[in-house]
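Below is one structure, written out as structure tokens; comments come after it.
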Amino acid sequence: MTRKHALAPAIAALIACSQACAQGEPVRFDAVGDAIPRPLTSEPGDAARGRSIVVNRDAGACTLCHAVPGEKISGNIAPALAGVGARLSPAQLRLRVADSTRVNAESPMPAYYRTEGLNQVAGAFRGKPILSAQQVEDVVAWLATLKDPR
Ligand code: HEC
Numbered sequence: 653m654t655r656k657h658a659l660a661p662a663i664a665a666l667i668a669c670s671q672a673c674a675q676g677e678p679v680r681f682d683a684v685g686d687a688i689p690r691p692l693t694s695e696p697g698d699a700a701r702g703r704s705i706v707v708n709r710d711a712g713a714c715t716l717c718h719a720v721p722g723e724k725i726s727g728n729i730a731p732a733l734a735g736v737g738a739r740l741s742p743a744q745l746r747l748r749v750a751d752s753t754r755v756n757a758e759s760p761m762p763a764y765y766r767t768e769g770l771n772q773v774a775g776a777f778r779g780k781p782i783l784s785a786q787q788v789e790d791v792v793a794w795l796a797t798l799k800d801p802r
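Under the working numbering, the final residue of the sequence shown carries the number 802; numbering is consecutive throughout.
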């Protein structure tokens, strides 16, 4: 029973850290060619969380531009994401989500994980990426499952 009590503060500290640390400094990433080979986080991406980020208009809002399997309402100014997991590797997907302008300088797609060199960013978001590093990994994990071209 003493063991249980001794653990409580450690668990509280861990939870506090997982919240505070998520707000921490953005991770620096290295692009190699058209890809980011190393994941941004040590925790593997969660595909189910990734799907909800993709379709949630408050989070990724990807469906503003992309047709997404399983979603009826979407924009069509961008390539449909069906089959993207067969066309691109996870490392290539990671760079497109983090900063698509590194692949196509004219890309209208928001750079979801870039904090420098952005114009007209609202004060509260200055210096903060649109998605957290973990959210980028979650989105990449889900995109990688989209092997079927329909
Ligand atoms: C404002 C419109 C817009 C939004 C929002 C957007 N994209 Fe894109 N995306 C594009 C366009 C346009 C392209 C085509 C290549 C280019 O112009 O960069 C693209 C390309 C891609 C590609 C490469 C597709 C391929 O077949 O090569 C992926 C993957 C991708 N987007 C994922 C996402 C995800 C995930 C989100 C949400 C987190 C998102 N996009 C949000 C416009 C958008």
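The beta-carbon is built from N, C-alpha and C at its ideal position, and this holds for glycine as well.
Look at GLU723: its beta carbon is at least 8 Å from all of the heavy atoms in ligand 1. Rounded to the nearest whole angstrom, the CA to CA distance from GLY722 to ILE688 is 28 Å. DSSP lists VAL684 as the bridge partner or partners of ALA687.
Straight through space, the alpha carbons of GLY702 and ARG709 are spaced by roughly 13 Å.
Cβ contact annotation for ARG754 (same chain, cutoff 7 Å, sequence separation greater than five): ALA683 and LEU747, in chain order.
With respect to the 9 Å criterion, ALA734 and LEU798 are classified as neighbours on the basis of their beta carbons. For ARG748, the enclosing alpha helix (DSSP H) starts and ends at 742-751. For PRO760, the shortest C-beta to heavy atom distance toward ligand 1 is below 8 Å. Look at ILE725 here: in three-state DSSP terms it is coil, with no helix or strand label. Residue state for ALA796 is assigned as helix, using DSSP reduced to three classes. The DSSP-derived three-state label of GLY735 is coil. For ALA699, the CB stays at least 8 Å from every heavy atom of ligand 1. ARG690 is the residue among ALA743, ARG690 and LEU740 whose C-alpha sits nearest the C-alpha of VAL679.
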